[in-house]
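Residue 467 is where the sequence shown starts when you use our numbering, and the numbers rise one by one after that.
Think of the CB as a built atom: it goes at the ideal place given N, C-alpha and C, for glycine as much as any other residue.
From a predicted model like this one, the values you see are computed outputs, not experimental measurements.
Here is the structure we will look at.
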Amino acid sequence: MSNTSPIQSVRIWDLPTRIFHVLLLTLIAGMYVTGDIGEDWLPVHFLMGYAVLTLILFRLVWGVVGGYWSRFSNFVPTSSRLIRYVKALRQPTSEHAIGHNPLGALSVLAMLLTLLLQVFSGFCSDDEVAATGPWTSLVSSNCVEWATLYHTEIGQVALLFLIALHVASVVFYKFFKHEDLITPMVKGDKALPADVPASKDTAITRTVAVIVLAMCGYLVYRLVHLG
Ligand code: HEM
Ligand code: HEM
């Protein structure tokens, strides 16, 4: 990052990434509510779970073809960058990252992976009363037992832990590092030197996002109907 360029508003999080985030957090809240309030709500839990899977698949594709700062290649850290970043963490005035900082990137990847495990364990879960996931007839009863155990006892707790860590980190950055991460995730832009590459966020890229999302939705439909 050059120090001589004038500071201006630079698009970091494109609209598809921001909508992905707000939909994901709303749906995950819904998953915990519909999973916990009783078997009558499991059909809704399933539908919302398919929407979560569509979003995650979308984000994986968007991590390759999406806006510059949403691409995995531009935020997955090398180990040396990670170590340097962690060492500087205790200083309140260390340099702000442009996209996800190296620790944030790890937390994003961990959340995406844990979400995938939660969804696919749900696909193989059986509540032994009224609802069975769409893949329970495709796998052994032993696998159904393990998947249900993972889904209800391990995965959902691991996910809650990661979400709590995620939100706590955002708060830590705001109050200890004096870095507001929330406004850019809502509005898209950060004040940065003009020579920082911006994420493309045009009508065309947004249309591509809608097409990618529709394709992911269709893939999920096919996966659900495998059984
Ligand atoms: C169920 C709850 C949540 C989940 C699963 C979740 C998940 C995620 C994911 C996957 C990303 C990466 C975005 C991307 O690159 O596509 C992200 C980023 C972010 N989230 Fe959340 N989030 C949740 C709740 C929240 C809440 C409540 C806040 C506000 C306090 C928040 C603030 C942020 C911010 C500021 C970023 C950008 C971080 C950065 O600049 O590196 N999230 N979140
Ligand atoms: C990220 C997505 C998901 C989250 C966070 C989630 C979370 C939960 C939670 C908190 C419960 C209640 C556990 C308990 O009784 O203590 C539950 C139950 C259940 N979920 Fe999910 N779930 C997700 C996705 C799915 C999907 C995609 C399916 C199936 C297509 C599914 C199928 C089930 C079933 C069958 C149960 C009842 C299990 C039982 O009572 O033994 N879940 N889920």
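Enumerate in chain order the residues of its own chain whose CB-to-CB distance from residue i is below 6 Å, with the five nearest sequence positions on each side excluded.
{"i": "E645", "result": "H562 and Y639"}
{"i": "S573", "result": "H632"}
{"i": "V686", "result": "Y516, L519 and T520"}
{"i": "A675", "result": "P482"}
{"i": "L679", "result": "F524"}
{"i": "A634", "result": "none"}
{"i": "S468", "result": "Caution is warranted here: a pLDDT of 45 is assigned to S468, below 50, making its placement in the model unreliable, and the coordinate value is therefore given only provisionally. Closer than 6 Å at Cβ, skipping near neighbours: P659 and D661."}
{"i": "P472", "result": "A660"}
{"i": "K666", "result": "G533"}
{"i": "Y684", "result": "none"}
{"i": "A664", "result": "V476 and R477"}
{"i": "V527", "result": "V678"}
{"i": "C682", "result": "T520, L523 and F524"}
{"i": "M577", "result": "L628"}
Once you ignore the five residues that flank residue i on each side, which residues in its own chain have a CB closer than 8 Å to its CB?
{"i": "V652", "result": "R484"}
{"i": "I648", "result": "V636 and K640"}
{"i": "T580", "result": "G621, A624, L625 and L628"}
{"i": "L548", "result": "P568, L569 and L572"}
{"i": "M514", "result": "L493, G496, M497 and T500"}
{"i": "V616", "result": "Reading off the sequence, residue 616 comes out as Tyr, not Val. Within the same chain, Y616 has close Cβ partners L583 and S587."}
{"i": "L726", "result": "Nothing can be reported for residue 726, as the shown portion of the chain is limited to 467 through 693."}
{"i": "R593", "result": "Just to set this straight, residue 593 is Asp in the shown sequence, not Arg. Same-chain partners within the cutoff: E505, L508 and T614."}
According to DSSP, simplified to helix, strand and coil, what is residue i?
{"i": "S471", "result": "coil"}
{"i": "R556", "result": "coil"}
{"i": "V488", "result": "helix"}
Please list, in chain order, all residues of the same chain as residue i whose beta carbon is under 7 Å from its beta carbon, the five residues on each side excluded.
{"i": "C590", "result": "G599, W601, T602, V605, C609, V610 and A613"}
{"i": "V690", "result": "Y516 and P600"}
{"i": "L489", "result": "L521"}
{"i": "D655", "result": "S475, V476, R477 and I478"}
{"i": "P650", "result": "I478, W479 and K656"}
{"i": "R672", "result": "L481 and P482"}
Under 8 Å: do the segment 517-525 and the segment 567-585 share three or more Cβ pairs, one atom per stretch? Output reads yes: the segment 567-585 touches the segment 517-525.
Of all the beta strand (DSSP E) runs that stay within the bounds of the segment 586-673, which reach a length of 3 or more residues? The qualifying runs are 655-659.
Just checking, does the segment 471-486 make contact with the segment 531-543 on the three C-beta pairs under 8 Å criterion? Yes: the two stretches touch, three or more of their Cβ pairs being nearer than 8 Å.
Enumerated in chain order, which unbroken segments of the alpha helix (DSSP H) with a length of 4 residues or greater are wholly contained in the segment 507-552? Counting only runs of 4 or more, we get 508-531.
Is it the case that the segment 496-511 contacts the segment 587-601, given that we only count it when at least three CB pairs across the two stretches are under 8 Å? Contact holds: three or more Cβ-Cβ distances are below 8 Å.
Specify whether the segment 538-547 and the segment 495-502 touch according to this definition: at least 3 beta carbon pairs, one from each stretch, less than 8 Å apart. No: fewer than three Cβ pairs fall under 8 Å.
Go through the residues and name those whose CB comes closer than 7 Å to any heavy atom of ligand 2, in chain order. Having a Cβ closer than 7 Å to some heavy atom of ligand 2 are I494, M497, Y498, G501, D502, L508, H511, F512, G515, Y516, V518, L519, L581, Q584, V585, G588, F589, S591, D592, D593, E594, A597, T598, G599, P600, T614, H617, T618, Q622 and L625.
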